[in-house]
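Participant: So the sequence shown is numbered by the numbering used here: it starts at 199 and just counts up by one. I'd like to ask you about the structure that follows.
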Amino acid sequence: MASFSAFREGFRERLQNFRWPQWPDPPKPVRLALLWTGGILAVLIVVWISLNILLANARTATPAINWALGTFADKDARVSTGKLAHPFSNRFEMTSLEWPGRAEGEDIRLTYDLFGFLPGRPWARKLYARNGEVMLKDDNDDRKTLNPQGLVDAVQVENVTLKFTRRDKLREVTIIQANGSFSSGNVSGEAVSGSNHITFDKLRGEWDGRLRGAVTAKGDNLKDLAEIV
199 MASFSAFREG
209 FRERLQNFRW
219 PQWPDPPKPV
229 RLALLWTGGI
239 LAVLIVVWIS
249 LNILLANART
259 ATPAINWALG
269 TFADKDARVS
279 TGKLAHPFSN
289 RFEMTSLEWP
299 GRAEGEDIRL
309 TYDLFGFLPG
319 RPWARKLYAR
329 NGEVMLKDDN
339 DDRKTLNPQG
349 LVDAVQVENV
359 TLKFTRRDKL
369 REVTIIQANG
379 SFSSGNVSGE
389 AVSGSNHITF
399 DKLRGEWDGR
409 LRGAVTAKGD
419 NLKDLAEIV
């Protein structure tokens, strides 16, 4: 016990007599720059936290989402309700999307990618859509164009109708269900168009915006089937 007490007293004495290094005070411009930088970072953090809390509440998030749709998509586009799944989430949950001439959906969950602005990287990491329709690329009308595989990677789709124009005739294909990732090449599902039934497997989005994969179609009109596929 005596040796332990002596060790403790010696350690305490060395600690009290320890000389901490004295860092020189930075020049005044440097101090001001550090203060401004710290203040800006603090404000940004507070704003980011506040936005996440507000966007996780449907009452405050829905007007913000509709403003974004009206500003960056179409002035008539809107949702009935929308919000983040929870604060600091990257998934938006929306109901009753109406985008005249382009898209509509009853239930939509969109997981976005913060780095979607990079080339070859879709803005949406995953899209869940149920009971809706989408107007696909129409070479005769640039106002009604959407290229899903260029905007979305992973999909989970139920009962979504794709509309497109071939030979000046409007066509429709209803996706009964589809699951998978375009970048991984594992999108599979089934679809119908009139009396025609289509199944697809291992679809992949290519660099030129086209889709590659295995498609099987069954129906009575081979010409019609070929155009749909």
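Glycine is no exception: its CB is placed at the ideal position from the N, C-alpha and C atoms.
Alpha helix (DSSP H) containing A266: first to last residue?
Facilitator: 256 to 270
Participant: Let me confirm a value: G330 is counted as buried when at least 16 other C-beta atoms fall within 10 Å, else exposed. Which label applies?
Facilitator: buried
Participant: Near A283, what residues of its chain come up, given a Cβ to Cβ distance below 7 Å and the 5 sequence neighbours on each side ignored?
Facilitator: R289, E291
Participant: Considering Cα atoms alone, identify which of S287, P285, A256, P298 is closest to R276.
Facilitator: With distances taken between Cα atoms, R276 lies closest to P298.
Participant: Taking the alpha-carbon of I373 as reference, which of A266, G403, V355 has the nearest alpha-carbon?
Facilitator: V355
Participant: For R289, write down the residues that DSSP places opposite it in a beta bridge.
Facilitator: Paired residue(s): T309.
Participant: Alpha carbon to alpha carbon, what distance is there between G387 and G411?
Facilitator: 12 Å
Participant: Tell me which residues share the same chain as H395 and place their Cβ nearer than 6 Å to its Cβ, disregarding the 5 neighbours each side in the sequence.
Facilitator: K416
Participant: Do you know offhand how far A389's Cα is from W265's?
Facilitator: 34 Å
Participant: Let's test the definition: count the other Cβ atoms within 10 Å of the Cβ of T343 and tell me whether it reaches 16, buried, or not, exposed.
Facilitator: Only weak support is given to the placement of T343: the predicted model assigns it a pLDDT of 46, under 50, and the value that follows is read from those uncertain coordinates. Its Cβ having fewer than 16 others within 10 Å, T343 is exposed.
Participant: Once you ignore the five residues that flank L349 on each side, which residues in its own chain have a CB closer than 7 Å to its CB?
Facilitator: P320, W321, A322
Participant: Can you give the Cα-Cα distance for S287 and G303, rounded to whole angstroms?
Facilitator: 22 Å
Participant: Is E331 helix, strand or coil by DSSP?
Facilitator: strand
Participant: Cutting at 6 Å between CB atoms, please list the residues of its own chain near T258, excluding the five before and the five after it.
Facilitator: L252
Participant: Give the DSSP-derived three-state secondary structure of G236 in the structure shown.
Facilitator: In this structure, G236 counts as helix in the three-state DSSP scheme.
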